[in-house]
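A.B. asks: Once you've had a glance at the structure underneath, I'll fire off some questions.
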Amino acid sequence: PHNVPSADNGDPRLYLYVTFLNEAGEQVDQTKEILAPQQDTALPFNKKVSFSYRLFGLVAQANIVLKYQPAWSKEKDLVWGKTIQP
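Encoded structure:
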């Protein structure tokens, strides 16, 4: 017996959020990818994965956030975040 949650093998998920902004800082578009090991969205081990997005407006920057949700929790924890500008 222990006090450490061990249900992470159940169905943990990564959430990738991307928000696209124009020059005025207004949101042009947003997207979300759910990456789950027990679904078709599982990431292959040690291989590069690319996501493509079709944008319909001018984009000045993108805010990218990656969050992790353990199988035993409803809360999502921030793993990584970055703002990029072309």
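Throughout the sequence shown, residue numbering follows the working numbering, covering 32 to 117 in sequence.
Backbone N, C-alpha and C define an ideal beta-carbon position, used for all residues, glycine too.
Every value quoted in this text rests on a predicted model; they were computed, and no experiment measured them.
Take the Cβ of Ala73 as the centre, count every other Cβ of all protein chains shown within 10 Å, and call the residue buried at 16 or more, exposed below.
C.D. replies: As a working note, residue 73 is residue 42 in the sequence shown. It counts as exposed.
A.B. asks: Report the rounded CA-to-CA distance for Gln116 versus Glu106, giving the unit in angstroms.
C.D. replies: What you label residue 116 is simply residue 85 of the sequence shown in a count that begins at 1. What you label residue 106 is simply residue 75 of the sequence shown in a count that begins at 1. Distance between the alpha carbons of Gln116 and Glu106: 29 Å.
A.B. asks: Buried or exposed: Phe51, going by 16 or more other Cβ atoms within 10 Å of its Cβ?
C.D. replies: Looking up residue 51 in the sequence shown gives position 20. Under this definition Phe51 is a buried residue.
A.B. asks: On the DSSP bridge list, what partners appear for Ala93?
C.D. replies: Within the sequence shown, the letter at position 62 stands for residue 93. Answer is Phe51 and Ile115, bridged to Ala93.
A.B. asks: How big is the Cα-Cα spacing for Gly118 and Glu54?
C.D. replies: Here the chain comprises residues numbered 32 to 117, so residue 118 is not present and cannot be evaluated.
A.B. asks: With a threshold of 16 other CB atoms inside 10 Å of the CB of Lys113, please say whether the residue is buried or exposed.
C.D. replies: Numbered from its first residue, the sequence shown carries residue 113 at position 82. By the 10 Å Cβ count, Lys113 comes out exposed.
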